[in-house]
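Numbering (this note's numbering), first residue to last: 512 to 639.
Have a look at the structure below before the remarks.
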């Protein structure tokens, strides 16, 4: 009996570089979004921390009150910005994850010869 060579049971794996290259346009958009989200959330966090410190200083200004007291009023002042602080910290983390992830995709999908064909010469920009 003659046997025919069996077909390869595992299909050829797709080229990993091509799949990452397909993510390149989305990575550029996510890079911009990540930068924007991280900056906005970081500025919001700085403003909220500043307001929280100002409220604590004003509350403790009289001398007989302290923001670290166990009173309900001091507890309410400490918890006033807790939700915004948590949301802005999450925003900074999400923005940084988007930023780092898109940078990794852009780095892995960079052209090997350094020319991705997207550069325009002066003549092309001038319309000549």
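A virtual CB, placed ideally from N, CA and C, is assigned to each residue, including glycine.
For clarity, every value in this text was computed on a predicted model and none was experimentally measured.
Burial state of residue i (16 or more Cβ within 10 Å)
| i | result |
| --- | --- |
| residue 554 | exposed |
| residue 569 | exposed |
| residue 616 | buried |
| residue 610 | buried |
Same chain only: Cβ atoms within 6 Å of residue i, ignoring 5 sequence neighbours per side
| i | result |
| --- | --- |
| residue 595 | 559 |
| residue 567 | 578 |
Proximal residues to residue i (C-beta, below 7 Å), its chain only, five neighbours per side dropped
| i | result |
| --- | --- |
| residue 622 | none |
| residue 650 | Residue 650 is absent from the structure shown; the chain starts at 512 and stops at 639. |
Backbone CA spacing between residue i and residue j [nearest angstrom]
| i | j | result |
| --- | --- | --- |
| residue 545 | residue 530 | 22 Å |
| residue 539 | residue 613 | 7 Å |
| residue 638 | residue 631 | 11 Å |
| residue 586 | residue 592 | 11 Å |
| residue 607 | residue 565 | 28 Å |
| residue 582 | residue 547 | 39 Å |
Simplified DSSP state of residue i, which is helix, strand or coil
| i | result |
| --- | --- |
| residue 566 | helix |
Quiz item: Are the stretch 534–553 and the stretch 602–613 touching by the rule of at least three beta carbon pairs closer than 8 Å?
Solution: The count of Cβ pairs closer than 8 Å, one atom from the stretch 534–553 and one from the stretch 602–613, reaches three, so the stretches are in contact.
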